[in-house]
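Below is one structure, written out as structure tokens, with a few remarks after it.
In mature numbering (1 follows the signal peptide of the UniProt record, and there is no 0), the protein residues as written are -23 to -1, 1 to 515.
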């Protein structure tokens, strides 16, 4: 077995040397990968060449399954030291949409799934009950983090809707869900990181230590380093969730109520909801989308019986966490809050379930879609942050205009408080105190219906972005995708100078996350200058 592994590693290294012209000592690379595995197995390469979006493909030269942060650092040092260079992309669960974790001329580091040697994460999660935090490997899935912390009666504060994403992946973007109005995004709930920079340095960073790197990496789209460890803030875990949905036919009433609910973020828990989201219903697509299972066919309220405004309905989605100590008061707390809202009175849908089941709700729907062959298909998603002042214009132009009466997937819409976001991080948000996430989570299907095709949906996304430009709605893309640096400069706006400066400091050869298409890789001569810093693999 050991001989076979050595042959595979040697073959992989030789392929790298022949393909990209590495002039480093191959014995050094052998030493770097001995604890994990550098694979050129066709199935590994194929997996790393695609993502959830299924709209782009780029085959790497090899895939590294690291057994430690040192494996990650060693590979990046080799890339940084090579006279010709090769690129390195960290891949988590592969849930990106436009090839952000892919690379044609380099190595993909497969951060999730454990090392091939152990089958376990390179760094097991460690929970501190006293410190109320968990230290976790950057490639750990959030569902596994949750399982680790629940053993101590604790849980992270802020989530994404889907838990089968990696810690490093969501922290490289922001990590948002219905708790963001209260706790901020996931990046606002991080105490400390271990990061491998584009120079191959393994550094610990926080607000107090290497703060510039810490701020750069959070929401940094993988441009400044690879997160190998994150220290995440925890809170006592609730036991159960009361999950409520109410419908609106009037958009102004819908947004007014959402904004009122997120204004309660500073109130005691008894006087606010714990989660605030919402979605748009522009057709009868609820029957076929992964959020529809909440609505029971036996419920006496028929959605189609509610008069809609321009053919569009809006659903407010809210939850209240509770346990034994608050079970006696939860009904009254919910009743008091609902009395302040202006939804369609006959449209209250309620369910009660364990906290874990609520957090893992999307995965349960995923399993059903997989069984029907409806998961591994193209996903031309578009996620936008829309300023509060223009959300009504967006509603008129997009929900009631461009989309027509077929959505091909859920459309989420919910507001967030800007003051819960650290503006020193790399994330870009609209310049207003409140902004909305609008997430068009569409699926392209070959059903014979032209409105479900990938071409139609991608063209529709372009129409939406063009509408925003023409109408002067200053949206910002979340999980952004652009093809030119000029577009990226416009996206970052007055943050671009700092973003560029940080890139030159932490990844001067621009070898990391080239799938984002923000920077092009450079040679030593162009990035450091002839006769500049001496580069060493060790």
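Each residue gets a CB set at the ideal place from its N, CA and C atoms; glycine is no exception.
Please read these numbers as outputs of a predicted model, since none were measured by experiment.
- With a 10 Å radius around the Cβ and a threshold of 16 neighbouring Cβ atoms, residue 446 comes out exposed.
- A Cβ-Cβ contact shorter than 8 Å links residue 362 with residue 452.
- Going by DSSP, residue 66 is part of the beta strand (DSSP E) stretching over 64 to 68.
- Across the set 110, 135, 144, the C-alpha of 144 shows the shortest separation from the C-alpha of residue 121.
- DSSP, reduced to helix, strand and coil, places residue 396 within a helical segment of the structure shown.
- Annotation for residue 213: no alpha helix (DSSP H) segment contains it, though the beta strand (DSSP E) segment containing it runs 202 to 213.
- Ranked by Cα distance from residue 169, the first of 137, 198, 204, 162 is 204.
- In terms of Cβ geometry, residue 196 and residue 402 form a close pair [threshold 8 Å].
- Distances from the alpha-carbon of residue 386 to those of 318, 473, 360, 396 put 360 closest.
- For residue 227, the three-state secondary structure derived from DSSP is coil.
- For residue 328, the enclosing beta strand (DSSP E) starts and ends at 326 to 331.
- Out of 417, 246, 425, the CA that lies nearest to the CA of residue 437 is found in 417.
- According to DSSP, residue pairing for residue 16 in a beta bridge involves 40.
- In this structure, the CA atom of residue 330 is about 57 Å from the CA atom of residue 60.
- Contact check for residue 110 against residue 215 fails: the beta carbons are separated by 8 Å or more.
- Rounded to whole angstroms, residue 40 and residue 16 show a C-alpha spacing of 5 Å.
- Residue 416 is bridged by DSSP to 360, 389.
- In this structure, 147 is the residue among 147, 172, 243 with its C-alpha nearest to the C-alpha of residue 166.
- Shortest Cα-Cα distance from residue 400 to any of 191, 305, 348, 228 involves 191.
- Counting only the Cα atoms, residue 79 lies some 40 Å from residue 219.
- Going by DSSP, residue 404 is part of no alpha helix (DSSP H) at all; its letter is neither H nor E.
- The beta carbon of residue 343 sits closer than 7 Å to those of 352, all from its chain and outside the five residues before and after it, given in chain order.
- Separation of the CB atoms of residue 84 and residue 43 is rounded to 11 Å, and the pair is thereby denied contact status at 8 Å.
- DSSP places residue 131 inside the beta strand (DSSP E), whose first and last residues are 131 to 133.
- Taken through DSSP and simplified to helix, strand or coil, residue 187 comes out as coil.
- Per the C-alpha coordinates, the member of 253, 480, 354 positioned closest to residue 234 is 253.
- DSSP places residue 77 in no alpha helix (DSSP H); its state is neither H nor E.
- Here DSSP, grouped into helix, strand and coil, assigns residue 168 to strand.
- The three-state secondary structure of residue 499, taken from DSSP, is coil.
- Taking a contact as a CB-CB distance under 8 Å, the pair residue 339 and residue 420 does not count as one, their CB atoms being some 14 Å apart.
- The C-beta separation of residue 320 from residue 223 comes to about 4 Å, placing the pair in contact by the 8 Å criterion.
- For residue 110, the enclosing beta strand (DSSP E) starts and ends at 110 to 114.
- Residue 488 and residue 173 have their C-alpha atoms spaced approximately 12 Å apart.
- Under DSSP, the beta-bridge partners assigned to residue 294 are 222, 254.
- Counted as a single uninterrupted DSSP element, the beta strand (DSSP E) harbouring residue 84 occupies residues 83 to 87.
- Remark: fewer than three beta-carbon pairs, one from each stretch, lie closer than 8 Å, so the region 176 to 184 and the region 287 to 296 are not flagged as touching.
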